[in-house]
Amino acid sequence: MQWARKDLGFRISTGLFGLVLISIVAAIGVELTRQSWLSISKFGFAFWRTQTWDPVAGEFGALPFIWGTLYSSIIALLIATPVALGIAIFIAELCPARFRQPLVFLTELLAAIPSIVYGLWGIFVLVPLVRQFQVALPDPLRVLPIFSGPPFGVGMLSAALILAIMVVPFTSSVAREVLKSVPRTQREAAYALGATRFEAIRTALYYARTGIIGAIMLGFGRALGETMAVTMVIGNNPQVSLSLFAPQHTMAAVIANEFTEAADDLYLHALIEIGLVLFIITLIINSLSRLLLWTIGRPGKAIPKRTPTPVQATAA
Amino acid sequence: MHTRRRAIVSQLFVVFCAASVLLALVPLAFILFFVVREGIQALNLEFFVSMPKPVGEVGGGMANSIVGTLILSGLGSLFAIPVGIMSGVYMSEYAGSRMASAIRFAADTLNGVPSIVIGVFVYGIAVLPFKQFSAIAGGLALGIMMIPIIARTTEELLLLVPHTMREGALALGATRARAVFSVVLPAAAPGIITGVVLALARIAGETAPLLFTSFNNRYFTVGLTQPISSLTVQVFTYAISPYQDWHRQAWAGALVLVSLVLLCSLLARFATRKLEGLGRG
């Protein structure tokens, strides 16, 4: 009886710490809403449809930031996803066992480098390279909208490239885990039917498709919220442009840049509203990706249980 | 003929995967190369022991920023370690419960929240009410980022501890708390410490949550209620400045940051390898 009460005390006291964790997440949502109320009530949905960002005149339209965030993240994803999946497949399926750990370590090192270091490298190394690339571009290509504009170096392409490099380790490490959870029998069955290596791996990829999509979305979530590296190379100019070379802006970057300069309350609230929406978007993307990964993360539950035949038992 | 085409496709695919690995390692090598080459030029004893000099004067260091980063990370850990470990204990001890799922969901969510948003949040709760940027606010922001990492690592490692150890303790008449604190946690301790070190490495490199919580400070401070400098914010300030000498300092700061992170990752890797060895033996 006394023990039971002590155990209950233990449960409650550790649970309280867990409650702190839960309340932090709740508090972020509440606090950001509260602190952006002026802007939410004044502009409503027009905030997200208009393009004028003029703090002096008190006009705030966040469309260029949403555009910049989505555009940069999507380009980054287009570049990063094939590479990340290639890495995951190489490490999980193709490479000799003794190279596996070192390769995992090296790719994860990419995730460990602080984003400020990426930004610094971006400013002084990548941006000049992008500028050279743009100058070297043949004239007929330059009339295309996506390649138009003067060569600044800073702009959408630089940001997307940096983001792509930063996203690769996240997507590839999750995709690797997902591939690991595919039963060996799947591949063996494919090989037994005479499949080539590519075809066998394609079978495994198909089997793990929800998890792979989850891994890609996780990378997307990372790209959306990345701040420092992007703000240092994207040019910080709020405009909606298709051009890869145009200086643009993102949601995270505008907060980082202008937050300490926000002189009046409405300005500050407008910036915090951008933060609130960034919070909600990443929340949705991450929850979706976890949902997808969750279904595959537990092989025992994802696959309907059957009594193993002798063949399966030995394969396992 | 058809078979041959399939074989070629397969070969190309293997080549593509190998090329992807190279493609990712090129930027890594490229970044490390530049950070070392540029950073080493400005890195000397002065960098570690002296204060930033005004524009125009060559030299100076980041002593205040280095101390600031240590203080901020320390404050973050002070806040995050108890919450993280205890939440982890709850998640593993009461794994099936609804509360445990809720904590797990909150931890994963928090882990995905962009660091700049955490900065904005902490600004609202710890800067605005006191009308003062402070080291405490910065530490709080870093702590919030550490909690989910520590909580999830603790949970995973506690679940790895053999059930028989816990049962042995309970069979001897220990309470649940006693079994956890005297038997299960110590068994998982090396792994948990590794997790904490990794979390530290990650948050020591964070800039965004510090921009408007701990802000920056040109002077040497240890006061917790004042704005405080940090390596990352200082590197940012220098990097976007127009002065060449400041750029050199920024690279040196980056080199220190990268070395710190590298060292922590290597340490953690070494420790986990040892752990795995123990588990096998």
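The listed protein sequences derive, respectively, from chains A and B. Just so we're aligned, residue 14 is where the first sequence starts under the numbering used here, counting upward by one. Just so we're aligned, residue 153 is where the second sequence starts under the numbering used here, counting upward by one. Ideal Cβ positions, reconstructed from N, Cα and C, are used throughout, including at glycine. Quantities reported herein were computed from a predicted structural model and do not represent experimental measurements.
Per DSSP, cross-strand counterpart(s) of Phe73(A): Trp66(A)
Sequence-distant residues of its chain with Cβ nearer than 7 Å to Leu363(B) (five each side left out): Around Leu363(B): Gly271, Val385.
Candidates Lys55(A), Phe23(A), Trp134(A), Thr82(A): closest to Phe292(A) by CA position: Of Lys55(A), Phe23(A), Trp134(A), Thr82(A), the residue nearest in Cα terms is Thr82(A).
Supposed contact pair Phe258(A) and Gly135(A) - C-beta distance, whole angstroms, cut 8 Å: Contact flag wrong, Cβ pair sits at about 15 Å.
contact_flag[the region 27–38 of chain A, the region 234–243 of chain B] where n(CB pairs < 8 Å) is 3 or more: With a cut-off of 8 Å on Cβ pairs, the region 27–38 of chain A is in contact with the region 234–243 of chain B, counting three or more such pairs.
Whole-angstrom distance between Leu407(B) and Ala194(B), CA atom to CA atom: 10 Å
Distance CB(Ile355(B))-CB(Ser225(B)) smaller than 8 Å: yes
Nonlocal neighbours in the same chain, by C-beta distance under 6 Å from Phe367(B), ignoring five residues either side: Phe285, Pro379
Within-8 Å CB hit, Gly264(B) to chain A: yes
Segment contact flag, the region 258–278 of chain B with the region 281–299 of chain A, C-beta cutoff 8 Å, min 3 pairs: yes
Three-state secondary structure (DSSP) of Pro204(B): In the structure shown, Pro204(B) sits in a strand (DSSP, three-state: E or B).
Cβ neighbours of Tyr280(A) in the same chain (closer than 7 Å, five flanking residues each side left out): Pro68
At least 3 beta-carbon pairs within less than 8 Å: the region 211–231 of chain A vs the region 259–270 of chain A: no
Cβ contact (3+ pairs, closer than 8 Å) linking the region 118–134 of chain A and the region 170–180 of chain B: yes
For Val38(A), the nearest candidate out of Thr306(B), Ala293(B), Leu383(B), Val374(B) (CA to CA): Ala293(B)
Span of the alpha helix (DSSP H) around Ile159(A): That residue, Ile159(A), is in no alpha helix (DSSP H); it is neither H nor E in DSSP.
Three or more C-beta pairs below 8 Å linking the region 83–90 of chain A and the region 311–327 of chain B: no
Under 9 Å by beta carbon: chain B residues contacting Asn299(A): Neighbours of Asn299(A) in chain B, taken as residues at a C-beta separation under 9 Å, are given in chain order as Asp260, Thr261, Asn263, Gly264, Val265.
Closest by C-alpha distance to Pro165(A), when choosing among Leu176(A), Met179(A), Val148(A): According to the sequence shown, residue 165(A) is Phe rather than Pro. If you compare the alpha carbons of Leu176(A), Met179(A), Val148(A) with that of Phe165(A), the shortest gap goes to Val148(A).
Gly276(B) - DSSP class collapsed to helix/strand/coil: helix
Pro342(B) at chain A interface by Cβ criterion, 8 Å: Answer no: the Cβ-Cβ gap between Pro342(B) and chain A never drops below 8 Å.
Selected residue, minimal CA-CA separation from Lys55(A), among Leu296(A), Thr295(A), Leu306(A), Ala283(A): Ala283(A)
CB of Ala188(A) within 8 Å of CB of Leu98(A), strictly: yes
Val138(A) versus Gly191(B) - alpha carbon distance: 14 Å
Short Cβ contact (8 Å threshold) for Ala423(B) with Pro338(B): no
Where Gln252(A) falls: helix, strand or coil (DSSP): coil
Asn249(A), buried or exposed, once every other Cβ within 10 Å from all chains shown has been counted against 16: buried
C-beta neighbour in chain B for Met245(A), strict 8 Å: yes
Nonlocal neighbours in the same chain, by C-beta distance under 8 Å from His399(B), ignoring five residues either side: Cβ neighbours of His399(B) beyond the five flanking positions: Tyr390, Ala391, Ser393.
Residue from Thr198(A), Ile79(A), Val246(A) with nearest C-alpha to Gly168(A): Val246(A)
Local conformation of Gly357(B) per DSSP, three classes: coil
Beta-bridge partners of Gln386(B), as assigned by DSSP: Gln386(B) pairs with nothing; no bridge assigned.
Closer than 8 Å to chain A by CB, Arg421(B): yes
Rounded Cβ spacing between Ala266(A) and Thr295(A) (contact assumed at less than 8 Å): Not really, about 15 Å apart at Cβ, beyond 8 Å.
Three-state class that DSSP yields for Gln261(A) in the structure shown: strand
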